[in-house]
Amino acid sequence: KAGVTQTPRYLIKTRGQQVTLSCSPISGHRSVSWYQQTPGQGLQFLFEYFSETQRNKGNFPGRFSGRQFSNSRSEMNVSTLELGDSALYLCASSPRLAGGYNEQFFGPGTRLTVL
Amino acid sequence: AQKVTQAQTEISVVEKEDVTLDCVYETRDTTYYLFWYKQPPSGELVFLIRRNSFDEQNEISGRYSWNFQKSTSSFNFTITASQVVDSAVYFCALRETNFGNEKLTFGTGTRLTIIP
């Protein structure tokens with residue numbers, strides 16, 4: 008079974024631009040969560056999507072948004088990039104089944120550098 | 033609110049020494065999960081262990097062992113006879129158990145360096 012894939016793996020943008028990152032979950036997984044990792048703030052939860060709906064959201068400004076498609080693939084978008092958005096963005100997928108524990112599996116991440 | 037504290041920012045030990053990584057957590061929930069992840073330089077988070085709050089039994093997996101103490105809200109991780117391949121950043125994390133909550137709260141991580 009293929010793991011969680013994230014594209015692109017590396018990205019360089021300039022301030023003010025916008026960026027879209029993609030995450031393809033493990034086949035059969037319906038939930039995708041996104042995390043931002045920076046040296047200063049560590050690993051922080053951005054949001055979670057399930058059945059094409061945002062189910063949970065972390066404490067990030069509205070410049071950070073996401074969506075999920077009917078095939079469970081998810082994208083996150085950051086508009087008007089700031090230097091502080093430079094980070095490793097990780098996504099995790101889970102089957103999100105009722106009645107039991109749902110293991111999350113992380114992708115390799117997308118490293119975004121904002122110049 | 034949930035919180036995970038890893039007070040040790042960086043640890044360096046000589047190969048073959050034992051090392052313990054500390055994790056202290058805060059939560060108002062009576063049921064929760066605790067995790068340890070390893071992050072090598074490649075960046076991917078590698079799952080090591082999950083513990084349910086009802087299960088305080090310590091666990092050993094090869095050179096790795098975990099000590100979960102609810103009384104002190106701690107979930108410490110020990111590597112015995114450390115090896116250079118153990119060099120990585122290690123994260124402790126907490127998650128509520130209510131269905132639909134996939135959010136993990138991470139500690140700030142401990143960078144472990146094993147000196148050959």
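Just so you know, the sequences run in chain order A and B.
This note's numbering applies: residue 8 is where the first sequence begins, and numbers increase by one.
This note's numbering applies: residue 33 is where the second sequence begins, and numbers increase by one.
All C-beta atoms, glycine included, are put in the ideal place defined by N, C-alpha and C.
All of these numbers come straight from a predicted model, not from anything done at the bench.
Residues bridged to residue i (per DSSP)
i	result
isoleucine 81/B	Trp68/B
glycine 49/A	Thr45/A
threonine 143/B	It is arginine, not threonine, that sits at residue 143/B in the sequence shown. Beta-bridge pairing links arginine 143/B to Glu42/B, Val121/B.
arginine 127/B	Tyr65/B
Closer than 8 angstroms at the beta carbon, the chain B residues around residue i
i	result
glycine 35/A	Within chain B, no residue comes near glycine 35/A; the closest Cβ sits about 16 angstroms away, beyond 8 angstroms.
glutamate 55/A	Glu134, Lys135
phenylalanine 71/A	In chain order: nothing, as chain B lies at least about 15 angstroms away.
phenylalanine 76/A	Under the 8 angstroms cutoff, chain B gives no residues; its nearest Cβ is about 18 angstroms from phenylalanine 76/A.
glutamine 43/A	By Cβ distance, chain B contributes nothing, its closest Cβ being about 11 angstroms from glutamine 43/A, past 8 angstroms.
8 angstroms Cβ cut-off: residues of chain A touching residue i
i	result
phenylalanine 123/B	Leu50
threonine 140/B	Gly49
Cutoff 7 angstroms; reference residue i; Cβ partners in own chain excluding five residues on either side
i	result
tyrosine 64/B	Ser85, Leu126, Arg127, Glu128, Thr129
threonine 59/B	Gln34, Leu126
histidine 36/A	Ser79, Ser100, Ser101, Pro102
glutamine 43/A	Gln51, Leu53, Ala94, Tyr96
valine 85/A	Gln25, Val26, Arg70, Phe71, Asp92
phenylalanine 138/B	Val36, Phe123, Ala125
Within chain B, the residues that residue i reaches when beta carbons sit closer than 7 angstroms
i	result
glycine 116/A	Gly75, Glu76
leucine 97/A	Leu77
phenylalanine 67/A	In chain order: nothing, as chain B lies at least about 13 angstroms away.
glutamine 24/A	Within 7 angstroms Cβ-Cβ: nothing; glutamine 24/A doesn't reach chain B, min ~23 angstroms.
Simplified DSSP state of residue i, which is helix, strand or coil
i	result
lysine 102/B	helix
leucine 90/A	helix
valine 117/B	helix
valine 11/A	coil
phenylalanine 76/A	coil
glutamine 61/A	strand
glutamate 88/B	coil
glutamate 49/B	coil
cysteine 55/B	coil
phenylalanine 67/A	coil
isoleucine 111/B	strand
leucine 119/A	strand
isoleucine 19/A	strand
glutamine 40/A	Inspection of the sequence shows that residue 40/A is occupied by serine rather than by glutamine. Correct three-state label for serine 40/A: strand.
lysine 135/B	coil
alanine 99/A	strand
Other residues of its chain near residue i: CB distance less than 8 angstroms, five sequence neighbours each side excluded
i	result
glutamine 40/B	Leu53, Asp54, Thr142
aspartate 87/B	Phe100
Nearest-angstrom Cβ-Cβ length linking residue i and residue j, presumed shorter than 8 angstroms
i	j	result
phenylalanine 76/A	valine 11/A	That belief does not hold up - the Cβ atoms of phenylalanine 76/A and valine 11/A are roughly 15 angstroms apart, past 8 angstroms.
serine 29/A	threonine 14/A	5 angstroms
glycine 75/B	glycine 116/A	5 angstroms
glutamine 115/B	isoleucine 92/B	The pair is not a contact, with the Cβ atoms about 17 angstroms apart (cut-off 8 angstroms).
Interface residues of chain B facing residue i [CB-CB closer than 9 angstroms]
i	result
serine 40/A	Glu134, Lys135, Leu136
glutamine 61/A	Those within 9 angstroms of glutamine 61/A in chain B number zero; the least Cβ separation is about 12 angstroms.
Beta-carbon contacts of residue i that lie in its chain and below 6 angstroms, excluding the five residues immediately before and after
i	result
serine 40/A	Glu55, Ala99
glutamate 150/B	Given that chain B is displayed from residue 33 to residue 148, the structure contains no residue 150/B and the question cannot be resolved.
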